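First up is the structure itself, then whatever we jot down about it.
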Amino acid sequence: MKNMNILIVGVGGQGTLLASKFLGAAAVSCGKDVKVSEVHGMSQRGGSVVTCVKIGDNVYSPIIDEGEADIIIAFEQLEAARWLNYLKKGGTIIVNTQKINPMPVISGKVQYPENTIQYLQSSGAKIIEIDALSLAKESGSEKAVNIILLGVMAAGLPEITPETWKDCLKAVVPVKFLDINMKAFNIGYGRG
Amino acid sequence: MKKLMLGNEAIARGAWEAGVNVVSSYPGTPSTEITENIANYNEIYCEWATNEKVALEVAIGAAFAGGRSMSCMKHVGLNVAADPLFTLSYTGINGGLVVVVADDPGMHSSQNEQDSRFYALSALIPMLEPADSKECLEYIKKGYEISEQFDTPVLVRLTTRIAHARSLVETGERVVIPVKGFKKDASKFVMMPAMAKKRHVIVDSRMKKLVDYSSTSDLNRIEWANRKVGVITSGISYQYSKEVFGDASFLKLGMVHPLPESLIKEFAAGVDELYVVEELEPFIENQLSKMGIQNVKGKELFTNLGELSTTIIREAVYGSKKESAKAEFDIGMPPRPPVMCPGCPHRGVFYTLSGLKVNVSGDIGCYTLGALAPYNAVDACVCMGASISMAHGMEKAAGRAMAKNTVAVIGDSTFMHSGITGLIDVVYNKGTSTVIILDNSITGMTGHQQNPTTGLTIRGEKTTNVDLVKLCEAVGVKRVRVEDPFDMKGFRKAVKEELEADEPSVIIAQRPCALLKSVNYGAQVIIENDKCRKCGNCMRLGCPAINKVGEDYVIDKSQCCGCELCTSMCSFGAIVKEGTSK
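Line by line, the protein sequences give chains S and G. The first sequence runs 1 to 192 under our numbering. The second sequence runs 193 to 774 under our numbering.
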């Protein structure tokens, strides 16, 4: 597995923590040094959340700063746009096309931007759009959006076998949700 | 085998490996997961205490009895525990005692960003600061060695980025240390003036020995490289600096109090240019200046506000930034502040209070979110428990008229923590405050910890629960009533009645947190478009599951939990449970 910084962004409650645990476990199984930075507490309540996964030979800071992410996995469109400046020039964004209105939009103070995907594209980044919510429903649970998106990312890393990913998924997901998550991973992997 | 562990998880592991017997804590971000992980080790007795002061006192008792003990809390929790902490410094210990304090620079989930290193300085207690999860585990074990070698409590300081980052840890086995037992010794354990005066002398000489220890301990290490630039740093700032300063020499401090004076002098003399990189206050830098070390570059470059980052340090030192992806136009980015979850019982309370336009003296918990739009219904929030006492103070300053238009709101766990003392003060001093206890059957914001009102211990064992009604009655409140915050008409009536009453009153707003596994509202609701008159009244609830799409109001099925609070907002019966439509 090559050295890389992956930023996982979304809305509190969307399952970004589990995604980062899964990704971290996969990197460790490849013998890499790994640091993962999480957000707990207040912003978890429906706020903008960000998790950093840094994979390298010797990782110091657990935080991915501006211009340092190779990949951004965005669980929500607007969040992809919010964190764009954390992406390296020429990096990749895997973006769930789902829109979740923030409270200022719900309360009618501002509009949800119409053209977030064009906004992302204009940066020259490689954009992979995925309707992860529909695919998650297909796998049996709307909550599986996180594993769908990780499946998409995994497909872009051919040096890690699907079997390794699945072993790591087993290690981080409770047994009773394993079937749904396995299905979600396969669907995502197929789309990547 | 190496494991990827959260800093907090590694602290818990370190405590287990160090043979710790007793852990007593109060939850608080970013420290909560330490004690939650301790609960997974059956060899350790652990508990959620009512507050941090009680937690530390329990740990002190355990240490006096000869066990190894620990107490964990967030930075503001250490303020609550400061009273026992300062005198504990005098008594010293019997079994080792470590206090873990987690600071929150940048205030991800806190009301201030105080720098807890100053507690170590003023309470004369050694403090260690790990820089990753591996060090979290090691420093806890080291902390117990220092505690018992020097007869002192030890502080271990974390910051959010250490507590909540995962990194690789090599785990070991538990050492079994027999509990020594309590030996009566009034000159050491009874702090009255005559005894305390003698103990202060001992503390003073202990600090001098610890300065020598600090200079020779492997907790502080010099990493010689290019001697043109030297960096003195600790904790997360060490990790940032390693990325920014390239081949510079480092003095990495693991013991931040007392500082290793001779080691610092040796390092400063060995480099051309000296930087001190630390978050928040110039704690290290100021002490360097006292040591007579000149020309240090520290807070003149790096802000004392919020967190540092590689970007902040790089810009300050080199004036440059990393190139990042940039869009070619602007889209006007709406912010995404945190919100109450769909189904949150507090929504009914704050919708009601917002409508009544009363003054709300607030407190610490999920319900502080009532301060944000669309409710804008919390008017003051300072610290745990302050809601009730502040409301009382408002009445005493501004008179009964203000009390008639003011409520205090406080969660069940926060009320147990330090709200009850405020309520007793109101009753005793003839106040007439109206107090609303938001009883959601759990400690919410920190992620569902049990508390004295829930009837369950940290390990989920059944225990005696505090009966809130009886408790409030017992302290002398005659008007105590239980209301459902989702019955908004009834709740509004209750608040108005209690505001009118010329005596203290307590309304217990009872409904469980919607995220509890035991809560199942069944089918989601839908808005029937043919019945909807597009009045938008349902939106006033500020529920993230209700959205306007074009001209239509729709329920976001990925968010709705089926709580049905919104059905009471619609006069046209357009919002119904799915499957019940006529």
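Beta carbons: idealized from backbone N, C-alpha and C, even for Gly. The structure displayed is predicted, hence computed values, not measured ones.
To which residues does DSSP link G/Arg358 through a beta bridge?
As a first step, residue 358 of chain G must be located in the second sequence, where it is residue number 166. BP columns for G/Arg358 point to S/Val36 and G/Leu198.
Where the alpha helix (DSSP H) containing G/Lys389 begins and where it ends:
Within the second sequence, numbered from 1, the residue matching residue 389 of chain G stands at position 197. For G/Lys389, the enclosing alpha helix (DSSP H) stretches over residues Pro385 to Thr408.
Roughly how many whole angstroms lie between the Cα atoms of G/Gln486 and G/Lys457?
As a working note, residue 486 of chain G is residue 294 in the second sequence. As a working note, residue 457 of chain G is residue 265 in the second sequence. Computed Cα separation, rounded: 11 Å.
Review point. Are the beta-carbon atoms of S/Ala25 and G/Leu320 separated by less than 8 Å?
Key: Walking along the first sequence from the start, residue 25 of chain S turns up at place 25. Walking along the second sequence from the start, residue 320 of chain G turns up at place 128. With respect to the 8 Å criterion, S/Ala25 and G/Leu320 are not classified as neighbours on the basis of their beta carbons.
**Report entry** Start and end residues, alpha helix (DSSP H) containing S/Thr116
**Finding:** As a position in the first sequence, residue 116 of chain S is number 116, starting the count at 1. Per DSSP, S/Thr116 belongs to the alpha helix (DSSP H) from Thr116 to Gln121.
Exercise. Does the distance from the C-beta atom of G/Pro276 to that of G/Leu248 stay below 8 Å?
Worked result: If you number the second sequence from 1, residue 276 of chain G lands on position 84. If you number the second sequence from 1, residue 248 of chain G lands on position 56. A contact, by the Cβ cut-off of 8 Å.
TODO: Under 6 Å Cβ to Cβ from S/Ala54, same chain only, skipping five residues before and after it: list those, please.
DONE: On the first sequence, position 54 is the one that residue 54 of chain S refers to. In the sequence on display, residue 54 of chain S carries Lys and not Ala. Take S/Lys54, set aside five residues on each side of it, and the residues of its chain with a beta-carbon closer than 6 Å to its own are Asn5 and Lys35, in chain order.
What's the gap between the Cα of S/Gly67 and the Cα of G/Glu415? As a first step, residue 67 of chain S is located in the first sequence; it is residue number 67 there, counting from the start. As a first step, residue 415 of chain G is located in the second sequence; it is residue number 223 there, counting from the start. Answer to the nearest angstrom: the Cα atoms are 28 Å apart.
Interfacial residues, the region 92-106 of chain S to chain G, with Cβ spacing under 8 Å: Hits within the stretch, in order: Gln98, Ile100, Asn101, Pro102, Met103, Pro104, Val105 and Ile106.
Unbroken alpha helix (DSSP H) runs of length 4 or more, entirely within the region 547-619 of chain G: which are they? Fully enclosed alpha helix (DSSP H) runs of 4 or longer: 578-590 and 592-595.
- Let me know the secondary structure DSSP gives G/Leu350 once reduced to three states. Residue 350 of chain G sits at position 158 when you count from the first residue of the second sequence. Note: G/Leu350 maps to strand in three-state DSSP.
Relative to chain S, which residues along the region 484-498 of chain G have a C-beta separation below 7 Å, given in chain order?
-> Flagged: no residues at all.
* To do: Leaving out five residues on either side along the sequence, give the residues of the same chain with a beta carbon under 6 Å from the beta carbon of G/Ile628.
  => Here the question's residue 628 of chain G lines up with position 436 in the second sequence. So the list reads Val599, Val601, Ile699 and Ala701, once near-sequence residues are dropped.
Review point. To which residues does DSSP link S/Ile147 through a beta bridge?
Key: Position 147 of the first sequence, counted from the start, is the residue given in the question as residue 147 of chain S. DSSP lists no bridge partner for S/Ile147.
Closest Cα partner of G/Gly639 within the set G/His584, G/Val658 and G/Gly220
One-based indexing of the second sequence puts residue 639 of chain G at position 447. When each option's Cα is compared against that of G/Gly639, the closest is G/Gly220.
message: Using only the alpha-carbon positions, how far apart do S/Ala155 and G/Asn213 sit?
response: Position 155 of the first sequence holds residue 155 of chain S. Position 21 of the second sequence holds residue 213 of chain G. The alpha-carbon atoms of S/Ala155 and G/Asn213 are separated by roughly 47 Å.
Any non-hydrogen atom of the ligand GTP closer than 7 Å to S/Ser37 Cβ
Inclusion of the ligand GTP in the displayed structure is not the case, the ligand content being empty and no account of it being possible.
Residue-level contact to chain G via CB, S/Val50, 8 Å cutoff:
Working through the first sequence from its first residue, we reach residue 50 of chain S at position 50. Not one chain G Cβ lies under 8 Å of S/Val50.
What did DSSP end up calling G/Met731 once you bin it into helix, strand or coil?
Taking the second sequence and counting its residues from 1, one reaches residue 731 of chain G at position 539. Here G/Met731 sits in helix by DSSP.
Can you say whether G/Ala589 is buried or exposed, counting buried as having 16 or more other CB atoms within 10 angstroms of its CB?
As a working note, residue 589 of chain G is residue 397 in the second sequence. Exposed: under 16 other Cβ atoms inside 10 Å.
Cα-Cα separation, G/Lys726 to G/Gly754
For the purposes of this step, residue 726 of chain G is taken as the residue at position 534 of the second sequence. For the purposes of this step, residue 754 of chain G is taken as the residue at position 562 of the second sequence. Those two C-alpha atoms are separated by around 21 Å.
Taking 7 Å as the limit between beta carbons, can you name the residues of its chain near G/Leu402, skipping five residues before and five after? For the purposes of this step, residue 402 of chain G is taken as the residue at position 210 of the second sequence. For G/Leu402, where only same-chain residues beyond five positions count, the Cβ hits under 7 Å are Pro318, Phe342 and Pro450.
>> Here's a check: name, in chain order, each residue in its chain whose Cβ is nearer than 6 Å to the Cβ of G/Val436, leaving out the five neighbours to either side.
In response: Taking the first residue of the second sequence as position 1, residue 436 of chain G is located at position 244. Once the five neighbours on either side are set aside, the close Cβ partners of G/Val436 are Thr502, Ile505 and Arg506.
TODO: For the region 134-147 of chain S, enumerate the residues whose C-beta is nearer than 7 Å to any C-beta of chain G, in chain order.
DONE: Closer than 7 Å at the C-beta level to chain G, one finds these residues of the region 134-147 of chain S: Glu142.
Looking at G/Tyr467 and G/Lys489, is the spacing between their C-beta atoms short of 8 Å? Numbered from its first residue, the second sequence carries residue 489 of chain G at position 297. Numbered from its first residue, the second sequence carries residue 467 of chain G at position 275. Their beta carbons are under 8 Å apart, which means G/Lys489 touches G/Tyr467 by this criterion.
Is G/Gln641 helix, strand or coil by DSSP? For this step, residue 641 of chain G is matched to residue 449 along the second sequence. Note: G/Gln641 maps to strand in three-state DSSP.
- Got a sec: which bits of the region 630-650 of chain G sit with their beta carbon under 8 Å from any beta carbon on chain S, in order along the chain? Cβ contacts with chain S come from Met637, Thr638 and Gly639.
Pull up the DSSP beta-bridge partners for G/Asp439, would you. Numbered from its first residue, the second sequence carries residue 439 of chain G at position 247. None; G/Asp439 has no bridge partner.
Nearest to S/Lys88 by CA position, among S/Ser107, S/Lys99, S/Gly108 and S/Lys126, is which residue?
Taking the first sequence and counting its residues from 1, one reaches residue 88 of chain S at position 88. Cα-wise, what sits closest to S/Lys88 is S/Lys126.
- Query: Whose C-beta lies closer than 8 Å to the C-beta of G/Glu477 among residues of the same chain, with five residues either side of it excluded?
  - Reply: Here the question's residue 477 of chain G lines up with position 285 in the second sequence. Val468, Glu470, Val488, Gly490 and Lys491, listed in sequence order.
Q.
Assuming S/Ile130 is part of the beta strand (DSSP E), what are its boundary residues?
A. For the purposes of this step, residue 130 of chain S is taken as residue 130 along the first sequence, with counting starting at 1. S/Ile130: member of the beta strand (DSSP E) spanning Lys126 to Ile130, first to last residue.
Looking only at its chain, what residues have a beta carbon closer than 6 Å to the beta carbon of G/Tyr237, apart from the 5 residues adjacent to it on each side? The residue given as residue 237 of chain G occupies position 45 in the second sequence. These residues qualify, in order along the chain: Val214.
Requested in this report: Ignore the nearest five residues each way along the sequence and tell me which others in G/Cys573's own chain have a CB closer than 6 Å to its CB.
Outcome: To locate residue 573 of chain G, count along the second sequence from 1; it is residue 381. Cβ neighbours of G/Cys573 within its own chain (closer than 6 Å, five residues either side excluded): Gly554 and Thr560.
| Through-space distance from G/Ile203 to G/Ser325, alpha-carbon basis | As a position in the second sequence, residue 325 of chain G is number 133, starting the count at 1. As a position in the second sequence, residue 203 of chain G is number 11, starting the count at 1. Straight-line spacing of the CA atoms in G/Ser325 and G/Ile203 works out to 8 Å.
Notebook entry, point to check: Using a Cβ-Cβ distance under 8 Å, would G/Val531 count as near chain S?
Noted result: Counting from one through the second sequence, the residue named residue 531 of chain G turns up at place 339. With 8 Å as the cut-off, G/Val531 counts as an interface residue toward chain S.
| task | Return helix, strand or coil for G/Asp275, following the three-state DSSP convention. | result | Sequence index remark: in the second sequence, residue 275 of chain G carries index 83 (1-based). Correct three-state label for G/Asp275: helix.
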